[in-house]
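Shown next, in structure tokens, is the structure this report addresses.
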Amino acid sequence: MIEFTFWDILRNLLLAARWTVLLSLAAFIGGALVGLVVLFFRIAKTKWVKRIASGYIALFQGTPLLMQLFLMFFGLPMLGLRIEPWTAAALGLTFFASAYLAEIWRGGVDALPRGQWDAGASLGLHYLQELRLIILPQAFAITRAPTVGFLVQLIKSTALTSIIGFEELVRTSNAINNATFEPFKVYGLVALIFFVMCFPLTQYARRLEQRAGAR
Amino acid sequence: MGYSLDFGWLAGAAGVIASGAAMTLLLIAVTTLAATFLSILGAAGKRSGPKPLRLAIGAYVEVMRNTPFLVQLFFIFFGLPTLGIRLDPILAAMLAMTLNMAAYTIEIVGAGLDAVPRGQTEAALALGLRPRQVFVKIVLPQALKVIYPALTSQIVIMMLESAVVSQIAVRELTYEADMLQARTFRAFETYFVVTMVYLGLSMGLRRLLIAGGRGALGAGVS
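Line by line, the protein sequences give chains C and U. Those letters in the first sequence? Residues 448 to 662, by the numbering used here. Those letters in the second sequence? Residues 40 to 261, by the numbering used here.
This is the structure in structure tokens:
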């Protein structure tokens, strides 16, 4: 058996945490881009387009993320793509995030008074200009708190990618635990690292919410 | 690409999928009851308990909400035996799910308690009810009615999250899917079918909870 000191464990966990951070960022950015497309569909004027987006959102919000990751991992190779845990994890979390972000932002768009659209139209803006210049900036501004809140959820969700074999914080901690048999110390440290990443964001989201409430 | 989908294994697997789904439903049923009970105590304690208790509940909520459920599960399942407490996987899963869900529902129930006007408490006290009666008979029913939709969402979210407990070998839906795909070598089809089962469960559960809430808490619950 190899001897691990406390510092060995902590150092290895922190090195693995880089991948957790990277995956969270990739999924958040990817999810925001895809989510924007879903949002356009969701607030479109044509009924069937709207319905496709609603179905997409309901599908991702009504099934476990673990299943979505498994389907990515086993499904993409069937399309002829060589898939590795990183690709499956990043793509799976991207689609997952896109559904949630689109729904959050849709709430922001719906919350704006009708007059905002009418005012845009009366200024001679066409649909896309209205969205870009008037609707979306306001919708994003009022949904900043839930968006940050979702980022916290996304960071926690990256833990599931350990199950499809992506070498992030939790997978590394399993390996360390199997060598050291100190589950309290190892998983305690993992929980602490996640807490250090998530808690400031939670507090930030709370502050944004209070500021929005005070307005 | 010569890959073609094959669902021929499905007929022989229906029983296993059903028993997995039953275990998932059992887990979420026990968790819902235990977590709701715990969060009523927690929310009441956070509002009217002594200061150390209030701080402890606040810290508990923050820790649980800012760490992944999977890590909490491993901490409980692999950690507790080193203290001499051996838990059956099913019990460990129920414990982890309850503790996780309670952290979310404490906030939800708390918001409901805050939403009941103070005058309700004052009126009940003036009628000579004891403080505990006021809480159980006057404040709590009104609070539950307000928060019922939020509670419903949280129950469905927890049901979906329970897929993770397959990792400690609880024989629920995801675990059965893992076993099935290892036997049939039809990983994509297996997970696809099971994902659809989950979708059906979450939609059905939501419907059931809304209908049940209407019956138990009266109209106005959406």
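Ideal Cβ positions, reconstructed from N, Cα and C, are used throughout, including at glycine. In this text, all values refer to a predicted model and were calculated from it rather than measured experimentally.
DSSP three-state assignment for L614 (chain C), whether helix, strand or coil: Your numbering for residue 614 (chain C) matches position 167 in the first sequence. Reading off the sequence shown, one finds Glu at residue 614 (chain C), where the question assumed Leu. DSSP places E614 (chain C) in coil when its eight states are reduced to three.
8 Å Cβ cutoff met for T223 (chain U) and W48 (chain U): Counting from 1 along the second sequence, the entry for residue 223 (chain U) is found at position 184. Counting from 1 along the second sequence, the entry for residue 48 (chain U) is found at position 9. Cβ distance < 8 Å, so T223 (chain U) and W48 (chain U) count as in contact.
Distance, A622 (chain C) Cα to A537 (chain C) Cα: On the first sequence, position 90 is the one that residue 537 (chain C) refers to. On the first sequence, position 175 is the one that residue 622 (chain C) refers to. When rounded, the distance between both Cα atoms is 22 Å.
For V155 (chain U) and A182 (chain U), believed in contact at Cβ under 8 Å, the rounded distance: Translated into the one-based positions of the second sequence, residue 182 (chain U) becomes position 143. Translated into the one-based positions of the second sequence, residue 155 (chain U) becomes position 116. A182 (chain U) to V155 (chain U), Cβ: 5 Å. Contact.
Chain-order list of residues whose beta-carbon lies under 7 Å from that of G151 (chain U) (same chain, five-residue window excluded): For the purposes of this step, residue 151 (chain U) is taken as the residue at position 112 of the second sequence. If we look at G151 (chain U) and ignore the five residues flanking it on each side, its Cβ neighbours are A182, L183, V185 and I186.
Chain C contact for P156 (chain U) (CB, 8 Å cutoff): Along the second sequence, read from residue 1 onward, the residue named residue 156 (chain U) stands at position 117. Interface flag for P156 (chain U) against chain C is unset, since no Cβ pair is found closer than 8 Å.
Chain-ordered residues of the segment 614-627 of chain C with a beta carbon less than 7 Å from chain U: V617 and N624
Residues that G522 (chain C) contacts on chain U, provided the C-beta gap is smaller than 7 Å: If you number the first sequence from 1, residue 522 (chain C) lands on position 75. Under the 7 Å cutoff, chain U gives F227.
Coarse secondary structure for M40 (chain U), derived from DSSP in three states: One-based indexing of the second sequence puts residue 40 (chain U) at position 1. Low confidence applies to M40 (chain U): its pLDDT is 48, below 50, so where it sits in the model is not reliable, and the reading given next is rough at best. Residue state, collapsed to three classes: coil.
Proximity winner among C:F453, C:L461, C:W454 and C:I456, relative to V643 (chain C) (alpha-carbon distances): As a first step, residue 643 (chain C) must be located in the first sequence, where it is residue number 196. Closest option to V643 (chain C), Cα to Cα, is C:L461.
Burial state of R498 (chain C) (16 or more Cβ within 10 Å): Looking up residue 498 (chain C) in the first sequence gives position 51. Exposed, since its Cβ has fewer than 16 Cβ neighbours within 10 Å.
Amino acids of chain U, ordered along the chain, whose beta-carbon sits closer than 9 Å to that of A558 (chain C): Here residue 558 (chain C) refers to the residue found at position 111 when the first sequence is read from its first residue. Residues of chain U passing the Cβ test: none, with the nearest at roughly 18 Å.
Host alpha helix (DSSP H) of S545 (chain C) (start-end): Counting from one through the first sequence, the residue named residue 545 (chain C) turns up at place 98. Segment P532 to A558, the alpha helix (DSSP H) holding S545 (chain C).
Contacts that I611 (chain C) makes with chain U (C-beta to C-beta distance below 9 Å): By one-based count along the first sequence, residue 611 (chain C) stands at place 164. Result: empty, since nearest Cβ-Cβ is about 11 Å, beyond 9 Å.
Reduced DSSP secondary structure (H/G/I, E/B, other) of D127 (chain U): Translated into positions along the second sequence, residue 127 (chain U) becomes position 88. Residue state, collapsed to three classes: coil.
Chain C within 8 Å of E101 (chain U), Cβ atoms only: In the second sequence, counting from the first residue as 1, residue 101 (chain U) sits at position 62. Yes, E101 (chain U) lies at the interface with chain C (some Cβ there is under 8 Å from its Cβ).
Pick from U:G149, U:F117, U:P120 and U:S58 that is closest to G84 (chain U), judged by C-alpha positions: The residue given as residue 84 (chain U) occupies position 45 in the second sequence. Per the Cα distances, U:G149.
Straight-line gap, A473 (chain C) to A549 (chain C) (C-alpha atoms, nearest Å): For the purposes of this step, residue 473 (chain C) is taken as residue 26 along the first sequence, with counting starting at 1. For the purposes of this step, residue 549 (chain C) is taken as residue 102 along the first sequence, with counting starting at 1. Computed Cα separation, rounded: 17 Å.
Sequence-distant residues of the same chain with beta carbon closer than 8 Å to V637 (chain C), five excluded per side: Counted from its first residue, the first sequence places residue 637 (chain C) at position 190. The beta carbon of V637 (chain C) sits closer than 8 Å to those of L460, L616, V617 and S620, all from its chain and outside the five residues before and after it, given in chain order.
Cβ shell of M40 (chain U) (< 8 Å), same chain only, five flanking positions each side left out: On the second sequence, residue 40 (chain U) is found 1 positions in, with the first residue counted as 1. Confidence in M40 (chain U) is poor, its pLDDT being 48 and thus under 50, which makes the residue's placement unreliable; the coordinate value appears in the next sentence. Contacts found: none.
Given I456 (chain C) as reference, the closest of C:G635, C:Q650, C:F646 and C:Q585 once Cα atoms are compared: Working through the first sequence from its first residue, we reach residue 456 (chain C) at position 9. The shortest C-alpha separation from I456 (chain C) is found at C:G635.
Beta carbon of L512 (chain C) nearer than 8 Å to that of S604 (chain C): Mapped onto the first sequence, residue 512 (chain C) falls at position 65. Mapped onto the first sequence, residue 604 (chain C) falls at position 157. Against a cut-off of 8 Å, the Cβ pair of S604 (chain C) and L512 (chain C) comes out as a contact.
Neighbour list for Q206 (chain U) in chain C, Cβ cutoff strictly below 8 Å: In the second sequence, residue 206 (chain U) corresponds to position 167, counting from 1. Those within 8 Å of Q206 (chain U) in chain C are I610.
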